[in-house]
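Enquirer: If you scroll down you'll find the structure; I have some questions about it.
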Amino acid sequence: MSLKWSDSREIAEALYDKFPDLDPKTVRFTDMHQWICELDDFDDAPEKSNEKILEAILLVWLDEFE
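So the sequence shown is numbered by our numbering: it starts at -15 and just counts up by one.
Take a look at the structure:
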């Protein structure tokens, strides 16, 4: 399954699986963007992301973390 920017829940779950001990509240959007683009299943253009998309992913990641 290839992930796109619109797959915020799946991306957040993948980030949580990759960084289970990392508090998402401490993550910068620039770092998160890079990590998402480096996910094995991620297959979308890096420039298609924006702050709203990254924020949506972060909120789901926070739910997973807590």
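All residues carry an ideal CB built from backbone N, CA and C; glycine is no exception.
Where does residue 3 fall in DSSP's three states?
Expert: coil
Enquirer: Quick check: the segment 0 to 7 against the segment 32 to 39, are at least 3 beta-carbon pairs closer than 8 Å?
Expert: no
Enquirer: Enumerate in chain order the residues of its own chain whose CB-to-CB distance from residue 48 is below 7 Å, with the five nearest sequence positions on each side excluded.
Expert: -4, -3 and 0
Enquirer: Please return the same chain residues whose Cβ sits closer than 7 Å to the Cβ of residue 21, not counting the five positions on each side in sequence.
Expert: 30
Enquirer: Is residue -1 close to chain D, meaning its C-beta is less than 7 Å from at least one C-beta of that chain?
Expert: Although the question refers to chain D, the structure presented lacks it and comprises just one protein chain.
Enquirer: Nearest to residue 15 by CA position, among -15, 35, 28 and 27, is which residue?
Expert: 35
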